[in-house]
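Residues -20 to -1, 1 to 96 (mature numbering (1 follows the signal peptide of the UniProt record, and there is no 0)) make up the sequence shown, in order.
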Amino acid sequence: MFVFVVGTLIVSLLLQIGETAKCTAKSGDISARWQVVDGELTVEVTTNNIGNNEWSAVGFGPDMSDLNVVIFQVVDFKPSLVTGTTQGYGAPTLDSSPSVTLQSLNYNSESRICHF
């Protein structure tokens, strides 16, 4: 569906600098906000008009291949977060447990907000 790719070069530079940096991106029904504080990256993704059995994702990597991905999905009207990796441009191989810490996940019939 939707994939935001955050360049690891920019993120790693911000992590090294240790500055507080706030960034945003929006495309259609999905928006993301992220910031680095004291070397820690926090991301909030909002997806509007998300239905049952639909998903959106954020990919981390220098381009559109070989990504670390965080997938936000609604299955049987229950929201969840899963993580994984892609090889080349293929579908992700999912982790047995998420590799990020989920801070909050809110879902109603109109939108989903995930903070990790």
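A virtual CB, placed ideally from N, CA and C, is assigned to each residue, including glycine.
{"Asked": "Where the beta strand (DSSP E) through V38 begins and ends", "Found": "34 to 40"}
{"Asked": "Buried versus exposed, by CB contacts within 10 Å (16 or more), G31", "Found": "exposed"}
{"Asked": "Status (buried if at least 16 other CB within 10 Å, exposed otherwise) for L47", "Found": "buried"}
{"Asked": "For Q83 and F96, the rounded distance between their alpha carbons", "Found": "5 Å"}
{"Asked": "Whole-Å CB distance - residue 97 paired with T26, under 8 Å assumed", "Found": "As shown, the chain starts at -20 and ends at 96. That puts residue 97 outside it, with no answer to give."}
{"Asked": "Cβ neighbour criterion (16 or more within 10 Å) applied to G39", "Found": "buried"}
{"Asked": "Spatial neighbours of D9 in its chain, beta-carbon cut-off 7 Å, leaving aside the 5 residues before and after", "Found": "T27, N28, N29"}
{"Asked": "Classification of S36 by the beta-carbon crowding that lies within 10 angstroms, buried from 16 upward", "Found": "buried"}
{"Asked": "N-terminal and C-terminal residue of the beta strand (DSSP E) that F57 is part of", "Found": "No beta strand (DSSP E) holds F57; DSSP gives it neither H nor E."}
{"Asked": "Alpha-carbon spacing of Q53 relative to L61, whole angstroms", "Found": "6 Å"}
{"Asked": "Where V55 falls, given that 16 or more other Cβ within 10 Å makes a residue buried", "Found": "exposed"}
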